[in-house]
Amino acid sequence: MSAAPAIRLRRTQEERSSTTRARLLDATIDCLLELGYAGTTTTEIARRAGVSRGGQLHHFPTKQELVITAVEYLAERRHDEFKQAFARLPAGADRAAAAIDLLWPILSGPTFYVWLELAVAARTDPELRTSVTATTERVMDRVLQTFHEIFPDPPGGKLLAEPPKFVFALLNGMALDKMLNPDDPALAEHLAVLKALARLVQMPGAS
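FYI, in the working numbering the residues of the sequence shown are 1163 to 1369.
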(Lines of atoms letter the chains of each structure in order from A and count residues from 1; the text may use other names and numbers.)
(Lines give C-alpha, C1' and ligand atoms only; values in the text may rest on other atoms or scores of the structure.)
Protein backbone atom coordinates (compact mmCIF):
# COMPACT_ATOMS: atom_id res chain seq x y z
CA MET A 1 0.00 0.00 0.00
CA SER A 2 2.84 2.41 0.73
CA ALA A 3 4.99 1.49 -2.29
CA ALA A 4 3.11 3.60 -4.84
CA PRO A 5 3.37 6.92 -2.92
CA ALA A 6 7.08 6.27 -2.31
CA ILE A 7 7.69 5.65 -6.03
CA ARG A 8 5.72 8.76 -6.92
CA LEU A 9 7.77 10.80 -4.45
CA ARG A 10 11.03 9.61 -5.98
CA ARG A 11 9.81 10.47 -9.44
CA THR A 12 8.78 13.92 -8.27
CA GLN A 13 12.24 14.49 -6.82
CA GLU A 14 13.82 13.35 -10.09
CA GLU A 15 11.56 15.71 -12.02
CA ARG A 16 12.49 18.61 -9.77
CA SER A 17 16.16 17.79 -10.15
CA SER A 18 15.84 17.63 -13.95
CA THR A 19 14.01 20.97 -14.00
CA THR A 20 16.68 22.61 -11.84
CA ARG A 21 19.46 21.32 -14.09
CA ALA A 22 17.68 22.61 -17.19
CA ARG A 23 17.27 26.06 -15.61
CA LEU A 24 20.95 26.15 -14.73
CA LEU A 25 21.98 25.09 -18.23
CA ASP A 26 19.67 27.62 -19.90
CA ALA A 27 21.01 30.36 -17.63
CA THR A 28 24.57 29.33 -18.48
CA ILE A 29 23.87 29.62 -22.20
CA ASP A 30 22.34 33.07 -21.69
CA CYS A 31 25.38 34.18 -19.68
CA LEU A 32 27.86 32.89 -22.25
CA LEU A 33 26.03 34.70 -25.04
CA GLU A 34 25.63 37.96 -23.14
CA LEU A 35 28.76 38.08 -20.96
CA GLY A 36 31.22 35.76 -22.68
CA TYR A 37 33.15 33.00 -20.96
CA ALA A 38 35.34 35.35 -18.89
CA GLY A 39 32.32 37.30 -17.63
CA THR A 40 30.26 34.23 -16.81
CA THR A 41 30.29 33.29 -13.13
CA THR A 42 28.52 30.51 -11.29
CA THR A 43 27.04 33.13 -8.95
CA GLU A 44 25.40 34.95 -11.87
CA ILE A 45 24.22 31.69 -13.38
CA ALA A 46 22.57 30.65 -10.13
CA ARG A 47 20.94 34.06 -9.80
CA ARG A 48 19.48 33.94 -13.31
CA ALA A 49 18.32 30.37 -12.84
CA GLY A 50 16.65 31.21 -9.52
CA VAL A 51 18.66 28.48 -7.83
CA SER A 52 20.53 28.75 -4.55
CA ARG A 53 24.31 28.67 -4.60
CA GLY A 54 24.17 25.36 -2.74
CA GLY A 55 21.73 23.97 -5.28
CA GLN A 56 23.99 24.99 -8.14
CA LEU A 57 27.03 23.38 -6.50
CA HIS A 58 25.06 20.20 -5.88
CA HIS A 59 24.39 19.76 -9.60
CA PHE A 60 27.58 21.30 -11.02
CA PRO A 61 30.50 21.70 -8.60
CA THR A 62 32.65 23.75 -10.99
CA LYS A 63 32.17 26.43 -13.62
CA GLN A 64 33.96 24.30 -16.20
CA GLU A 65 31.63 21.34 -15.67
CA LEU A 66 28.62 23.64 -15.92
CA VAL A 67 29.62 25.41 -19.13
CA ILE A 68 30.78 22.23 -20.85
CA THR A 69 27.50 20.50 -20.00
CA ALA A 70 25.57 23.56 -21.20
CA VAL A 71 27.32 23.54 -24.59
CA GLU A 72 26.60 19.85 -25.09
CA TYR A 73 23.02 20.35 -23.89
CA LEU A 74 22.50 23.14 -26.42
CA ALA A 75 24.11 21.17 -29.25
CA GLU A 76 21.96 18.12 -28.50
CA ARG A 77 18.81 20.26 -28.46
CA ARG A 78 19.65 21.81 -31.82
CA HIS A 79 20.58 18.39 -33.19
CA ASP A 80 17.16 17.04 -32.24
CA GLU A 81 15.49 20.07 -33.84
CA PHE A 82 17.45 19.43 -37.04
CA LYS A 83 16.38 15.77 -37.15
CA GLN A 84 12.73 16.66 -36.58
CA ALA A 85 12.79 19.35 -39.26
CA PHE A 86 14.55 17.06 -41.73
CA ALA A 87 11.98 14.31 -41.09
CA ARG A 88 9.21 16.72 -42.13
CA LEU A 89 10.69 17.33 -45.59
CA PRO A 90 8.24 16.43 -48.37
CA ALA A 91 8.97 13.56 -50.69
CA GLY A 92 11.13 14.59 -53.61
CA ALA A 93 12.73 17.50 -51.77
CA ASP A 94 16.34 18.46 -52.52
CA ARG A 95 17.65 16.80 -49.38
CA ALA A 96 21.23 18.04 -49.68
CA ALA A 97 20.17 21.67 -50.07
CA ALA A 98 17.53 21.28 -47.35
CA ALA A 99 20.12 19.91 -44.92
CA ILE A 100 22.30 22.98 -45.45
CA ASP A 101 19.33 25.34 -45.13
CA LEU A 102 18.49 23.70 -41.79
CA LEU A 103 22.09 23.64 -40.56
CA TRP A 104 22.97 27.24 -41.40
CA PRO A 105 20.75 29.00 -38.81
CA ILE A 106 21.90 26.47 -36.20
CA LEU A 107 25.60 26.89 -36.92
CA SER A 108 25.42 30.67 -37.29
CA GLY A 109 23.38 31.23 -34.13
CA PRO A 110 23.70 30.70 -30.37
CA THR A 111 25.05 27.15 -30.67
CA PHE A 112 28.09 28.32 -32.60
CA TYR A 113 28.74 31.44 -30.54
CA VAL A 114 28.51 29.61 -27.22
CA TRP A 115 30.95 27.00 -28.52
CA LEU A 116 33.21 29.76 -29.87
CA GLU A 117 33.41 31.36 -26.43
CA LEU A 118 34.72 28.11 -25.00
CA ALA A 119 37.03 27.40 -27.93
CA VAL A 120 38.74 30.79 -27.55
CA ALA A 121 39.06 30.39 -23.78
CA ALA A 122 40.43 26.87 -24.26
CA ARG A 123 43.33 28.11 -26.38
CA THR A 124 45.24 29.14 -23.24
CA ASP A 125 43.65 26.69 -20.78
CA PRO A 126 44.86 23.10 -21.34
CA GLU A 127 42.33 21.58 -18.94
CA LEU A 128 39.41 23.39 -20.59
CA ARG A 129 40.78 22.51 -24.02
CA THR A 130 40.67 18.82 -23.16
CA SER A 131 37.01 19.09 -22.13
CA VAL A 132 36.02 21.23 -25.13
CA THR A 133 37.75 18.82 -27.52
CA ALA A 134 36.02 15.80 -25.98
CA THR A 135 32.62 17.53 -26.11
CA THR A 136 33.12 18.60 -29.72
CA GLU A 137 34.04 15.03 -30.68
CA ARG A 138 30.94 13.63 -28.96
CA VAL A 139 28.70 16.11 -30.75
CA MET A 140 30.35 15.40 -34.10
CA ASP A 141 29.92 11.65 -33.57
CA ARG A 142 26.18 12.25 -33.17
CA VAL A 143 26.17 14.39 -36.31
CA LEU A 144 27.96 11.70 -38.32
CA GLN A 145 25.56 9.05 -37.05
CA THR A 146 22.59 11.18 -38.09
CA PHE A 147 24.19 11.88 -41.48
CA HIS A 148 24.52 8.17 -42.19
CA GLU A 149 20.90 7.66 -41.13
CA ILE A 150 19.47 10.32 -43.45
CA PHE A 151 21.91 9.61 -46.28
CA PRO A 152 22.25 5.80 -46.02
CA ASP A 153 24.29 5.53 -49.22
CA PRO A 154 27.60 7.32 -48.50
CA PRO A 155 27.76 10.12 -51.07
CA GLY A 156 30.83 10.96 -53.07
CA GLY A 157 32.80 7.76 -52.63
CA LYS A 158 36.45 8.75 -52.29
CA LEU A 159 35.66 12.32 -53.29
CA LEU A 160 34.69 13.24 -49.75
CA ALA A 161 35.10 10.76 -46.90
CA GLU A 162 33.03 12.63 -44.28
CA PRO A 163 30.85 15.35 -45.88
CA PRO A 164 29.47 16.66 -42.54
CA LYS A 165 32.96 17.64 -41.35
CA PHE A 166 33.58 19.48 -44.61
CA VAL A 167 30.20 21.24 -44.41
CA PHE A 168 30.69 22.16 -40.76
CA ALA A 169 34.13 23.60 -41.46
CA LEU A 170 32.74 25.84 -44.20
CA LEU A 171 29.66 26.89 -42.22
CA ASN A 172 31.75 27.64 -39.13
CA GLY A 173 33.99 29.91 -41.21
CA MET A 174 30.92 31.62 -42.66
CA ALA A 175 29.51 32.06 -39.14
CA LEU A 176 32.66 33.95 -38.18
CA ASP A 177 32.23 36.19 -41.23
CA LYS A 178 28.58 36.74 -40.29
CA MET A 179 29.58 37.75 -36.77
CA LEU A 180 31.78 40.54 -38.18
CA ASN A 181 29.61 41.46 -41.16
CA PRO A 182 26.06 40.12 -40.75
CA ASP A 183 24.75 41.87 -43.87
CA ASP A 184 27.46 40.61 -46.22
CA PRO A 185 25.66 39.57 -49.45
CA ALA A 186 28.45 37.10 -50.17
CA LEU A 187 27.08 34.79 -47.47
CA ALA A 188 24.09 33.90 -49.63
CA GLU A 189 26.41 33.25 -52.56
CA HIS A 190 28.60 30.99 -50.45
CA LEU A 191 25.56 29.01 -49.32
CA ALA A 192 24.51 28.53 -52.93
CA VAL A 193 27.98 27.21 -53.82
CA LEU A 194 27.94 24.87 -50.84
CA LYS A 195 24.56 23.47 -51.91
CA ALA A 196 25.96 22.86 -55.39
CA LEU A 197 28.90 20.98 -53.89
CA ALA A 198 26.54 18.96 -51.68
CA ARG A 199 24.55 17.91 -54.75
CA LEU A 200 27.77 16.99 -56.54
CA VAL A 201 28.97 14.58 -53.86
CA GLN A 202 25.54 12.90 -53.84
CA MET A 203 25.83 11.93 -57.52
CA PRO A 204 25.74 8.16 -57.88
CA GLY A 205 29.08 6.73 -58.90
CA ALA A 206 31.07 9.88 -58.10
CA SER A 207 34.69 9.13 -57.29
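All C-beta atoms, glycine included, are put in the ideal place defined by N, C-alpha and C.
These numbers come from a predicted model, not from an experiment.
Asked, Found
"Got a sec: is the Cβ-Cβ distance from arginine 1239 to anything in chain B below 8 Å?", "The chain inventory of the structure shown lacks chain B, comprising one protein chain alone."
"Can you have a look at alanine 1232 and say buried or exposed, based on whether 16 or more other CB atoms are within 10 angstroms of its CB?", "buried"
"Thinking just about the alpha-carbon of each residue, which of Ala1360, Gly1335 and Leu1362 is nearest to the one in leucine 1349?", "Gly1335"
"Going by the CB atoms, is the gap between glutamate 1299 and glycine 1198 shorter than 8 Å?", "no"
"Report yes if the C-beta distance between arginine 1250 and threonine 1273 is below 8 Å; otherwise report no.", "no"
"Please confirm whether leucine 1186 and valine 1229 have their CB atoms less than 8 Å apart.", "no"
"Thinking C-beta only, is valine 1355 closer than 8 Å to leucine 1265?", "no"
"Just the C-alpha distance for serine 1180 and leucine 1362, rounded to the nearest angstrom, thanks.", "44 Å"
"Are there 16 or more other CB atoms within 10 angstroms of the CB of glutamine 1218, so buried, or fewer, so exposed?", "buried"
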